[in-house]
Amino acid sequence: MNNKGLPVDKKERTISSKFAVKIKQAREKKGYSLKELAEKIDSSASYINRLERYERKNPTFSLFILLSEALEIDLWELLHIAVEEKEAETKSVDAILLQNNFSIRGIDNVSIDAKTCFVDIIDMIANKLDKRCDFKEFLQLGEMIRRLHEILDNDEEVRKGA
């Protein structure tokens, strides 16, 4: 940090992985493709893709503003998500899963897409399914699990091809 309390190196400016998840979820909710969002913020689809996969970890403030406007997310909410404290005493399950590497089905270091899908499944089980849930919710859970397997299959293919 410099004498004004601002980060001086890229490591200190690294955003939370929740920012990547938020951007992807907001883009998909708006129905935008990577290319459409890139055009709205005068960026490239590949850069947006790397942000969503948490491969780019220090976007500029102007990008925050553009993303906030294009995705209709409150700028302060977006900034809060991006700089969320990394050293909390108690971490949520989603934070632990999104911020750490782990393996599923023998696939090491699963992609951010797989992590996000896995978190969504856990969230549904923990927060939405109860003894009053109906068949549609179980079908939705089954679809989420199928999607996770598709993502993992793709991750596996990508790693084999690399």
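Our numbering puts the sequence shown at residues -10 to 151.
For each residue, glycine too, the CB sits at the ideal point set by N, CA and C.
Since this is a predicted model, take the numbers as computed values, not measurements.
Residue i, enclosing alpha helix (DSSP H) - first and last residue
i, result
"residue 98", "No alpha helix (DSSP H) holds residue 98; DSSP gives it neither H nor E."
"residue 142", "124 to 150"
"residue 16", "6 to 19"
"residue 114", "Here residue 114 belongs to no alpha helix (DSSP H), and DSSP marks it neither H nor E."
Per-residue DSSP class, three states only, for residue i
i, result
"residue 33", "coil"
"residue 105", "helix"
Among the options, the one whose alpha carbon lies nearest that of residue i
i, options, result
"residue 106", "126, 35, 121, 130", "130"
"residue 139", "116, 102, 108", "102"
"residue 111", "100, 87, 97", "87"
Length of the line joining the Cα atoms of residue i and residue j
i, j, result
"residue 17", "residue 120", "30 Å"
"residue 13", "residue 24", "13 Å"
"residue 148", "residue 44", "16 Å"
"residue 195", "residue 117", "Past the boundaries of the shown model lies residue 195; the chain is included only from -10 to 151, so the question cannot be answered."
"residue 36", "residue 4", "15 Å"
"residue 21", "residue 70", "21 Å"
"residue 55", "residue 15", "13 Å"
"residue 57", "residue 132", "30 Å"
"residue 134", "residue 29", "32 Å"
Classification of residue i by the beta-carbon crowding that lies within 10 angstroms, buried from 16 upward
i, result
"residue 50", "exposed"
"residue 8", "buried"
"residue 11", "buried"
"residue 115", "exposed"
"residue 61", "exposed"
"residue 125", "exposed"
"residue 67", "buried"
"residue 41", "buried"
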